[in-house]
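Working notes, beginning with the structure itself.
In our numbering, the protein residues as written are 1 to 521.
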């Protein structure tokens, strides 16, 4: 069928003069074989129809059903009635039985394709006001009847061949109920071999774990007194036993197939060093949560698989550069290609709440920048800086929306303002870190400032009613100013963070040496 479709005016010629002799053994003359053959004929036609469409997939069968089969049944019944040939009646009866069994096989084959996809909840319960429209969600919204046909070879990996994985969750134990929900979801993952490392980033050694904090052998608790999410993640990297290291946050719940999908995408190509996934809101039950989705689009990066690959070494030699400054984005679904700057690419790749890496790539990158991230004056940007490091090592990053997590957005306006401000600070602090590590970034970044500023102003300060056609924006205009002020503060915040990190490193080493000299462990 595909061959005929591939040629203009293509046809299949039938020539009865071309003859072969087919051996029919004794087993194939049995009624049981006939019935099995009818069943699987229907099943196979169902799969062919799914691939090429029912019009072409069962075109010959339609002709047989309309013309040939009725004539055969009438002939058999006529032989029985007119000539007393009971064999003719038996043949007519088995034709009808075979027809019904074939139809049953075909229908069950089509239904099994609908049932093959895993069904998972996208949003939780609650009432939501989205973009000024009142929407009442009384029950879970689910994807129903979606078939999953995976083409990547990685999807065929059997469980025995999947690598051991480590999931790292940094926490200061400030959101205990959310942390508990996070760990409950991680323990329920559909993945054969993995461990969970919770890094306690509280500074006071006297802080004790909650009395409910007791889990199975998958969970390990580590203490990291050096402040900041980067230090906590680096501790997890150091202690991880897995070949793949995944990261999420303590205010996130993961889908049961999250880790499996991360690993499959990571193993789909040898040059992939990092994979990110879809971050959906756990709920939208307060105005602040809905404003976050409206203003920044949440953490969502879309529903299509995208592959981000840096310029090849040959391309870099051609333009006379030894540094990666361009990244190609390939939309795997539409097969479209977009050329991006390094800075555009790292902003689009994904979010730190949902990412996984090859352990060797993380260690080759030197871990996360201690002067970036939550818990430091820089407030964020450590995930983006790591994406940049992955690209500089000539690894690709893939965004796979099948790896789903659910994030608990901030409840109040005050918390949202702090988050938006921190996002602005973290972005420009991250760019400052790139310049400090490699001054050649400065020229490239400055060259893009005018266009970037224009886009930010147009996006953030444009008409509230026209940014999303037909749907008014409801977020407070003050959020724009908080983000912009945060961006202006970012470079100075990074300088402050670097000095604070150096002081903390000195104090940390001194305390460690003092403790070791006194025999304290």
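Backbone N, C-alpha and C define an ideal beta-carbon position, used for all residues, glycine too.
Two segments are said to touch when three or more pairs of C-beta atoms, one from each, lie closer than 8 angstroms; by this definition the segment 362-370 does not touch the segment 410-422.
Under the DSSP assignment, residue 341 falls in the beta strand (DSSP E) whose first and last residues are 336-341. Judged by DSSP in its simplified three-state form, residue 78 adopts helix. Distance from the Cα of residue 491 is smallest, within the candidate group 505, 371, 401 and 340, for 371.
Contact between residue 10 and residue 19 is ruled out by a C-beta separation of about 24 angstroms, above the 8 angstroms threshold. DSSP, read as helix, strand or coil, puts residue 403 in strand.
Residue 428: member of the alpha helix (DSSP H) spanning 413-437, first to last residue. The three-state secondary structure of residue 234, taken from DSSP, is helix. Between residue 385 and residue 355, the beta carbon gap of about 13 angstroms keeps them out of contact (Cβ cut-off 8 angstroms).
Beta-bridge annotation (DSSP): residue 170 is paired with 199. Here residue 18 carries a coil assignment [DSSP, helix/strand/coil].
Going by DSSP, residue 32 is part of no beta strand (DSSP E) but of the alpha helix (DSSP H) stretching over 31-52. In the DSSP assignment, residue 288 falls within the alpha helix (DSSP H) that extends over 287-296.
Per DSSP, reduced to three states, the secondary structure at residue 272 is strand.
For residue 328, the secondary structure class from DSSP, reduced to helix, strand or coil, is strand. The distance from the Cβ of residue 172 to that of residue 198 is about 11 angstroms, inconsistent with a contact at the 8 angstroms cut-off. Contact between residue 324 and residue 391 holds: CB atoms are separated by about 5 angstroms, below the 8 angstroms threshold. With a threshold of 16 other beta carbon atoms within 10 Å, residue 82 falls short and is exposed.
Two segments are said to touch when three or more pairs of C-beta atoms, one from each, lie closer than 8 angstroms; by this definition the segment 99-114 touches the segment 35-53. Between the segment 329-347 and the segment 277-292 there are fewer than three C-beta pairs closer than 8 angstroms, too few to call the two in contact. Residue 221 is bridged by DSSP to 198. In the displayed model, residue 7 falls within coil according to three-state DSSP, outside both helix and strand.
Beta-bridge partners of residue 396 (DSSP): 272. Within the same chain, and ignoring the five residues on either side of residue 262 in sequence, the residues whose Cβ sits closer than 6 angstroms to its Cβ are 246, 275, 356 and 403. For residue 309, DSSP records a beta bridge to 328. Within a 10 Å sphere around the beta-carbon of residue 419 sit 16 or more other beta-carbons, which makes this residue buried. The C-alpha of residue 224 is placed about 17 angstroms away from the C-alpha of residue 500. Between residue 230 and residue 387, the C-beta spacing is not below 8 angstroms.
The three-state reading of DSSP puts residue 450 in helix, counting H, G and I together. For residue 374, the closest C-alpha among the options 306, 201 and 165 is that of 201. Rounded to the nearest angstrom, the gap between the Cα atoms of residue 421 and residue 342 is 23 angstroms.
Only residues of its own chain outside the window of five on either side were considered, and among them 33 have a CB closer than 7 angstroms to the CB of residue 27, listed in chain order. In this structure, residue 301 places its C-beta atom within 8 angstroms of the C-beta atom of residue 399.
Relative to residue 505, the option among 295, 227, 165 and 423 whose CA is nearest is 227. Distance from the CA atom of residue 237 to the CA atom of residue 484, rounded to whole angstroms, is 34 angstroms.
As computed with DSSP, residue 253 is found in a beta bridge with 406.
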